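Using full-length UniProt numbering, read the sequence shown as starting at 1 and increasing by one per residue. Cβ coordinates follow ideal geometry from the N, Cα and C atoms, glycine included. Note that this is a predicted model, so its numbers are computed, not measured.
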Amino acid sequence: MTSLLSSLITSKTRVRILMRLFLNPDGQAYLRELAEEFAISPSQVKDELDQLSQAGLLVSAKQGRQVNFRANRAHPLFPELHSMVQKALGMDRILESIVQRLGRLERAFLLDDYAVGRDSGIIDLGLVGEIDHANLADLTAKTERYIGRKIRTLVLSGEDFERLQPVLERRPMLNLWESPHKDVMRNVGDD
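Right, here's the structure in full:
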């Protein structure tokens, strides 16, 4: 799917900016940060940021001396671009599989690089609930082959998550999925 985005959008830098800012649309980045991350000149990044901003896909806000860019949620193409980026990184496949196969899942979240939209090749995935570890190992191996990325999992009970939440929240964290019945699930398990 990344190659699909690359064939639709000929600028590799533009694809990387879209991947970075549309995976986690609440995240933001500034010019020099992106230039360092992509190991290219700031002028190349500036040209792409300018074009994406002129198209209305990005919005910017000045903070001190730097200008931060983020995905424009109000743009009519936002839902499609966000979905394409998730598909390109395999997030849609991961979510669909974990929700269906892992037992009594309460929450799924990303940590670190992918939580801020950085495609480092290693996906840190947190899972909260009563997880079927055999299915998790099988699912992880199959999904890694499909998306071409390594998946590291952190499995926590609901109580462990509540206890560790202050520590986890100091790291970049992006909530992917939360059961609408998680409180009910926990109460049923407590009987």
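Helix, strand or coil: how does DSSP classify residue i here?
i, result
"L73", "In the sequence under discussion, the amino acid at residue 73 is Arg, which differs from the Leu named in the question. Three-state result, R73: coil."
"I122", "strand"
"E178", "strand"
"S11", "coil"
"A141", "helix"
"A35", "helix"
"A55", "coil"
Whose C-alpha, out of the options, is nearest the C-alpha of residue i?
i, options, result
"L136", "E159, G103 and P42", "G103"
"L125", "K142, Q100 and L154", "L154"
"F161", "S41, E130 and E36", "E130"
"D112", "P25, R14, L168 and Q66", "L168"
"R107", "E178, D26 and R118", "E178"
"V45", "L52, A35, Q54 and K150", "A35"
Considering only DSSP beta bridges, list what residue i is partnered with.
i, result
"V155", "L127"
"G103", "I131"
"S60", "F69"
"Y30", "N68"
"F22", "Note: F22 sits in no beta bridge, so no partner."
Distance, Cα to Cα, residue i vs residue j?
i, j, result
"P172", "V116", "6 Å"
"N175", "R73", "17 Å"
"G64", "R20", "22 Å"
"E159", "T13", "42 Å"
"A61", "R149", "33 Å"
"G27", "R118", "10 Å"
"D132", "R145", "20 Å"
"I122", "L18", "19 Å"
"L156", "S53", "40 Å"
"F22", "R163", "30 Å"
"L4", "M84", "Confidence is the limiting factor: at L4 the pLDDT is only 45, short of 50, which leaves the residue's position unreliable and the question unanswerable from this model."
Practice problem: For the region 129-145 and the region 59-73, state whether three or more C-beta atom pairs, one from each stretch, are separated by less than 8 Å. | Solution: Counting C-beta pairs closer than 8 Å gives fewer than three between the region 129-145 and the region 59-73, which falls short of the contact rule.
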